[in-house]
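All remarks here apply to the structure that follows.
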């Protein structure tokens, strides 16, 4: 189950980033992350910490419930 | 900001665990975590990974949106 949940998470990050018209680099800078970290997240290659999830949502301008409603729906398609 | 967000997360885990009448040990066993991990989480001493957050919510029988609605409200009181 590891990979699909992380891939789904990455797809949600990509969805919101595209919605906000932010590049991976700009989002990384705003979050204080390494430049390559957002790409790794979006490809499902990272298992981010809670604090990094909160930081991402804040800088993507999406509330936690809003983010996790879509994410849980996406997980359904991987179950 | 690190500590308050983790403390608030721990309080939410404790809330749902009490609601389900689960001991820390039983919840840890069900999640496949070390016996001491739930206590550390509830005291805000850990920054859990996304996968561990998903595992906790699943074994607490709470949906992700439901968990994060309460958590985001709790974060407001720390802001």
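Chains as they are written, first to last, in my numbering: chain A, 2 to 80; chain B, 2 to 80.
A virtual CB, placed ideally from N, CA and C, is assigned to each residue, including glycine.
From a predicted model like this one, the values you see are computed outputs, not experimental measurements.
Near residue i, what residues of its chain come up, given a Cβ to Cβ distance below 7 Å and the 5 sequence neighbours on each side ignored?
i	result
residue 11 of chain B	42, 43, 44 and 45
residue 26 of chain A	36
residue 60 of chain A	28, 31 and 32
Would residue i pass as a contact of residue j if the rule is Cβ separation under 7 Å?
i	j	result
residue 49 of chain A	residue 66 of chain B	no
residue 29 of chain A	residue 22 of chain A	no
Tell me residue i's beta-bridge partners as DSSP assigns them.
i	result
residue 64 of chain B	Partner(s): none; residue 64 of chain B has no beta bridge.
residue 50 of chain B	A:50
Within a Cβ cutoff of 8 Å, which residues of the same chain sit near residue i, ignoring the five residues on either side of it in sequence?
i	result
residue 71 of chain B	13 and 16
residue 33 of chain A	56
residue 4 of chain A	45
Specify the secondary structure class of residue i as computed by DSSP and reduced to three states.
i	result
residue 23 of chain A	coil
residue 35 of chain A	coil
residue 56 of chain A	helix
residue 11 of chain A	helix
residue 78 of chain B	coil
residue 18 of chain B	helix
residue 84 of chain A	Chain A is shown from 2 up to 80; residue 84 of chain A falls before or after that span and cannot be answered.
Might you give, ordered along the chain, the residues of its own chain that have their beta carbon closer than 6 Å to the beta carbon of residue i, omitting 5 neighbours on each side?
i	result
residue 2 of chain A	Residue placement at residue 2 of chain A is flagged as unreliable, the pLDDT there being 45, under the threshold of 50; the coordinate-derived value follows with that caveat. Counting only Cβ-Cβ distances below 6 Å, and skipping sequence neighbours, we find nothing.
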